[in-house]
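Enquirer: Sharing a structure below in structure tokens format, with a few things to ask.
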Amino acid sequence: MSWMQRLFSARRMDRELDTELRHHFDLLVAAKVRAGMTQDDARREARMEFGGHEQVKEDCRESRGTMLAVSALHDLRYALRQAGRNPGFAAVTVLTLALGIGATTAIFSVVNATLLRPLPYKDPARLVMLWSTIPQFGFVGPGAVTDPDFALWERENRVFDGIAAFHQQTSNLTGDGVPERLLGATTTADLFPLLGVGPELGRLFSLEQQVAGKEDVVLLSHQLWARRFASDPRILGKPVRLDGKNFTVLGVMPPSFQFPDKPDFWIPMVLTEERGDATNQVIARLKPGVSLQRAGDDISLLQHRVDAAHRHDEIHLSFVSLEDKLVANIRPALVVLLAAVGLVLLIACANVANLFLTRATARRPEIVMRRTLGASRSRILRQLLTESLLLAGMGGVLGLMLAVATRHLILDIVPQSAAGPVLAKPVSSDIDAWVLAFSVLSSLATGILFGLAPAWNVSRSATRSSARVSGSTQTSEPGTRRIRDFLVVGEFALTLILLVGAGLLLRSFVRLLEVNPGLDPRNLATLNLQLPETKYKTAAPMRNFQKAVLERIGALPGVRSAATVFGMPFGDGGVEGDFTIDGQTQTRPEIASKVVVSPDYFRALGIPLIAGRPFNRDDTPQSEPVAIVSRSFAELMWPGQPAIGKRVGHLFTGVDSCIVAGVVGDVKQEGLTHDAPLAIYLPYSQVPDRLTFLASSITVVIRTEGNPLEVLRAAREAVQSVDPDMPIYDAASMDDLIAKSVSQPRFDSILLATFASLALILAAVGIYGVMSYSVVQRRQEIGIRMALGAGRHYVTRMVVREGAMLACAGIALGIVAALAVSHLIAAFLFGVTSKDPATICGVSALLLVVALLACYLPARRASRVDPMVALRYE
Amino acid sequence: MNTSSKSDLPQGTLDLLILRMVAHGPIHGYAIAQRIQQISREALQIQQGSLYPALHRLEYKKLLAAEWAESESGRKAKFYKLTTKGRAHLKSETEDWARLTAAVALILDEA
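If you're matching them up, the sequences are chains A and B in order. According to this note's numbering, the first sequence is numbered sequentially starting from 20. According to this note's numbering, the second sequence is numbered sequentially starting from 8.
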């Protein structure tokens, strides 16, 4: 019989053993009778000779070698019975743990999906991205390279196994159905083998397509194919109309392929000989053993030859790990959240440990009894641990279910920042083996953590007082008491840390919302239009289109005014650059935001005019070029002087000198967290025709009477009545745009506040439990005090004071700890310091009030103690 | 009556005696105890408290096999017999024992 069989047929084996021993015994008796004894004497003697029947059986069982497992099974059965006998206790324990483990697992599943799971590309650890630093402007970000430079790198580098260039573009898709603005990527053919991905359908493009005249092919994303073409398998070879030009569908990419940033399509890049703008982003695969540093040095060396001839700007090129960069924006927040949720789990553990201590004390008589009957200390420890592990396991299962149910909520509010993709990494929130392992491990760890201390304590105290089997539950165990106090103090300290964190984030979030954006966001709608140059070609038809759209939208019911702008606040941003003042280059170069607007812009957005005049219809290409500057621009450039009549220049190529006609209020162009940039506004009517990009990307802003979202539909129709092929994108109310710009701080503060609230509840339950228990234990003492004349108020105060002392100790400890660690979230704060005294005082007061409330209930119960009953109780 | 107890038998000796008794053919626990007692001329009395745990241990080590059969008294009894592994074990243990006792005797005689 194998070990497993022995383990599971224990009952049958016991029966057989019994038969066997009984047989022996009977034979022994029979032999004695034969030898001349009476039946009774024979039996008595045989029994004496035989020794304890049960003892023999136990020894035989021991010899099976399954005792450990059998006793574990017994313990489990016993633990289940214990839980069943005390369902309230079990429920509170399991729920507390489920909250802790559930929250931790949910955050871990997000961390796992975003930070830990590798990118779905071949050997992603060796993929790198071009990065650049421009010290002059304090710019750090993705680097870009011109066509000929990229060709040079491709040809002459010695550090890469593969290298590919890409840039993102937008195109208007027309044909069957509503026109739609798509996000696409232009890439060299090497991108796909570099990442190790193949098409789901059809084929990839090859080097032959990277030639002018052959580049009219397109790969569709799975999502676009499904949405727009009903997953038609016969799509291959058919034409798709992008920006009025036909592209032949070559293939469809699998759903998981979303490089670089969830594009709808990919088209081949044709590298030219022209040294135009540096627009190509670069991704490459390091040769094995090549470091990022060496790759950067190698490329910088190549580039040095080119730069000597062509470039003047100081740009440092380097390479960064693709994996790191894709999650760089979200990582700090997730790390903080994981730490926070870990604290919640610790608090939950402390609470449950306290519950266990309470119950273990109540169970001391039982344990003393078992010790007296010969159970070893390790045997009792094992049994108590089994009980805590069982409850932890149940908590873990429930917690995992909670995590599964809530992880979508969390992923839904993971911010998609306006400044760039926060989560460009494709994320699926599946619960995979890692998440499962994590929750199992955290359940085990918590079970041992909260079970061990009480178990140890009890089995030890049981040894000491083993003489007193009757073990009164009334006597307080000083050791236990100390542990319980310690747990409560620790719980309060941890809770305070979380509260400080949440308080700081909430406060800075409120500060952020209080920031004056410089415009009036109420009843303001915006929508975006991209005029394809293939269709509109020059600035003149673009201007006509713009004029027609503005006229029709302005005439819609419910519209107060409408304007167009290039460089929308909270939007994609316009152009930033240097400028001249009164014909002079500045001694200390400043950067200004250059925004092109239609005459009604300031009125439509509610940007106050401080001096001079707004643009009007009289500003024409023929009239004197004018500009409007922001208040801080005027104050910085011409302190103490009127700005009107001064000159600014070097704004765009061909816009060299403008007279300042007005000064307007500062606008938070780049979002609430950023300072309002210096701004220079120019009228559409005066920017040169050559700069078609200024006229082709249009944001329309509409000041409405009522709900701006209701006007947007009519506005869409108005646009399409001018050009039926013109898609509208990013149509939103200004309120929504602002909300989106603060999505990251909102995400951080919502989650941290949730965890802090959880912690607060747990801490309140914790101190309530300890004080209730203390009141029960001291009933006798309280009874005596009352018999001696202590009033109810005195007793209430006494108990509350005791609780308050624990809470204060915890809070004091927590403040010290919070001051030590709060700088870790300094980067997430806005308008408050990480040691903000008001926040720390506020949350301390909150925690103290909650503690006092939690203590008041047991205190009131104490004050109702009937002295006579309490004294008789023993 | 208590001429011998567990502690009088050197470690492992009981196992050896049991294996030797079982070597003659299927035999139940009571008979093993009786045979040891008789052959040793009452010098060794095997306590049930030692016998059965030892029997079970040997069974789980697969040195003994057991089956239920009818005993001479007509009742169901558990009969033990040697396995191949048990027979080999008995042989090597017996040789070890012989060597050990010879060596001990030599020392007691000569020293």
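Where a beta carbon is used, it is the ideal one built from N, C-alpha and C, also for glycine. The structure presented is a predicted model; accordingly, all values stated were derived computationally and were not measured.
What are the start and end residues of the beta strand (DSSP E) that includes residue 805 of chain A?
Expert: Careful: residue 805 of chain A lies outside any beta strand (DSSP E), inside the alpha helix (DSSP H) at 798 to 806.
Enquirer: Strictly under 9 Å for the Cβ-Cβ distance: is residue 79 of chain A near chain B by that measure?
Expert: Yes, because at least one Cβ of chain B sits closer than 9 Å to the Cβ of residue 79 of chain A.
Enquirer: For residue 28 of chain A, go through chain B and note every residue whose CB falls closer than 8 Å to its CB, in chain order.
Expert: The premise fails here: residue 28 of chain A is roughly 13 Å from chain B at the closest Cβ pair, so nothing lies under 8 Å.
Enquirer: Could you tell me which residues DSSP puts in a beta bridge with residue 186 of chain A?
Expert: Residue 186 of chain A pairs with A:205.
Enquirer: Are there any heavy atoms of the ligand SAH lying less than 8 Å away from the beta-carbon of residue 246 of chain A, as far as the coordinates show?
Expert: As far as ligands go, the structure on display features none, and thus does not contain the ligand SAH.
Enquirer: Spell out whether any CB of chain A is found under 9 Å from the CB atom of residue 33 of chain B.
Expert: So, not an interface residue.
Enquirer: Around the Cβ of residue 67 of chain A, are there at least 16 other Cβ atoms within 10 angstroms (buried) or fewer (exposed)?
Expert: Burial call: exposed.
Enquirer: At 7 Å on the CB atoms, spell out the chain B contacts of residue 371 of chain A, in chain order.
Expert: Correct list: empty, because the minimum Cβ distance to chain B is about 40 Å.
Enquirer: Drop a sphere of 10 angstroms on the beta-carbon of residue 581 of chain A, count the other beta-carbons inside from all chains shown, and report buried for 16 or more, exposed for fewer.
Expert: When all chains shown are included, residue 581 of chain A counts as buried.
Enquirer: Helix, strand or coil: how does DSSP classify residue 702 of chain A here?
Expert: Reduced to three states, the DSSP call for residue 702 of chain A is strand.
Enquirer: Should residue 106 of chain B be flagged as near chain A, meaning a C-beta pair shorter than 9 Å?
Expert: Cβ-Cβ to chain A under 9 Å: no for residue 106 of chain B.
Enquirer: Compute the distance between the beta-carbons of residue 461 of chain A and residue 120 of chain A, then report whether it is under 9 Å.
Expert: In this structure, residue 120 of chain A lies closer than 9 Å to residue 461 of chain A by Cβ.
Enquirer: Please confirm whether residue 198 of chain A and residue 273 of chain A have their CB atoms less than 9 Å apart.
Expert: Not closer than 9 Å, so no.
Enquirer: Give the residues of chain B in contact with residue 83 of chain A, contact being defined as C-beta atoms less than 9 Å apart.
Expert: The contacting residues are 63, 64 and 67.
Enquirer: Classify residue 649 of chain A as helix, strand or coil using the three-state DSSP reduction.
Expert: In the structure shown, residue 649 of chain A sits in a strand (DSSP, three-state: E or B).
Enquirer: Roughly how many angstroms lie between the CA atoms of residue 263 of chain A and residue 734 of chain A, to the nearest whole one?
Expert: Cα to Cα, residue 263 of chain A sits roughly 23 Å from residue 734 of chain A.
Enquirer: Residues of chain A with CB under 9 Å from residue 59 of chain B, in chain order?
Expert: Result: 36, 39, 40, 43, 75, 76, 78, 79 and 82.
Enquirer: Taking C-alpha atoms, which residue in A:723, A:335 and A:208 lies nearest to residue 577 of chain A?
Expert: Taking only the C-alpha atoms, the option nearest residue 577 of chain A is A:723.
Enquirer: Using a threshold of 9 Å, state whether the C-beta atoms of residue 36 of chain B and residue 55 of chain B are closer than that.
Expert: A contact, by the Cβ cut-off of 9 Å.
Enquirer: May I have a chain-ordered list of the beta strand (DSSP E) segments no shorter than 3 residues that lie completely inside the region 577 to 664 of chain A?
Expert: Listed in chain order, the complete beta strand (DSSP E) runs (minimum 3 residues) inside the region 577 to 664 of chain A are 578 to 585, 594 to 596, 611 to 616, 628 to 631 and 645 to 649.
Enquirer: Check distances from the C-beta atoms of the region 83 to 100 of chain B to those of chain A and list, in chain order, the residues that come in under 7 Å.
Expert: Within the region 83 to 100 of chain B, the residues whose Cβ lies closer than 7 Å to some Cβ of chain A are 83, 84 and 85, listed in chain order.
Enquirer: Taking 9 Å as the cut-off, decide whether the C-beta atoms of residue 740 of chain A and residue 698 of chain A are in contact.
Expert: It is not a contact, given that the beta carbons lie outside the stated cut-off.
Enquirer: Rank A:164, A:842, A:49 and A:266 by C-alpha distance to the C-alpha of residue 899 of chain A and give the top, closest one.
Expert: This structure gives no information on residue 899 of chain A, because the portion of chain A shown stretches from 20 to 893.
Enquirer: Per the contact definition of three or more C-beta pairs closer than 8 Å, is the region 505 to 513 of chain A in contact with the region 588 to 601 of chain A?
Expert: Touching, no, given that fewer than three Cβ pairs across the two stretches are closer than 8 Å.
Enquirer: Assign residue 887 of chain A to one of three DSSP states: helix, strand, or coil.
Expert: Helix.
Enquirer: With DSSP run on the structure shown, which of helix, strand or coil describes residue 286 of chain A?
Expert: DSSP places residue 286 of chain A in strand when its eight states are reduced to three.
Enquirer: Hey, does residue 50 of chain A have any beta-carbon neighbour from chain B nearer than 9 Å?
Expert: It does; some Cβ of chain B falls within 9 Å.
Enquirer: Can you tell me which residues form a DSSP beta bridge with residue 191 of chain A?
Expert: Looking at the DSSP assignment, residue 191 of chain A forms a beta bridge with A:200.
Enquirer: Quick one: Cα of residue 625 of chain A to Cα of residue 304 of chain A, how far?
Expert: Each residue's Cα considered, the two are about 50 Å apart.
Enquirer: Return the residues of the region 34 to 49 of chain B that lie within a Cβ-Cβ distance of less than 9 Å from chain A, sorted by chain order.
Expert: Within the region 34 to 49 of chain B, the residues whose Cβ lies closer than 9 Å to some Cβ of chain A are 35, 36, 37, 38, 40 and 41, listed in chain order.
Enquirer: On the three-state DSSP scale, how would you describe residue 541 of chain A?
Expert: Three-state DSSP puts residue 541 of chain A in coil, outside helix and strand.
Enquirer: Please classify residue 588 of chain A as buried or exposed, where buried requires at least 16 other C-beta atoms within 10 Å of its C-beta.
Expert: Residue 588 of chain A comes out buried.
Enquirer: Who are residue 161 of chain A's beta bridge partners in DSSP?
Expert: Partner(s): A:150.
Enquirer: Hey, does residue 55 of chain A have any beta-carbon neighbour from chain B nearer than 9 Å?
Expert: It does not: the Cβ of residue 55 of chain A has no partner Cβ on chain B nearer than 9 Å.
Enquirer: What residues from chain B crowd round residue 69 of chain A, counting only those whose CB sits closer than 7 Å?
Expert: Those within 7 Å of residue 69 of chain A in chain B are 55.
Enquirer: Under the DSSP definition of a beta bridge, which residues are partnered with residue 748 of chain A?
Expert: The partner list for residue 748 of chain A (beta bridge, DSSP) reads A:547.
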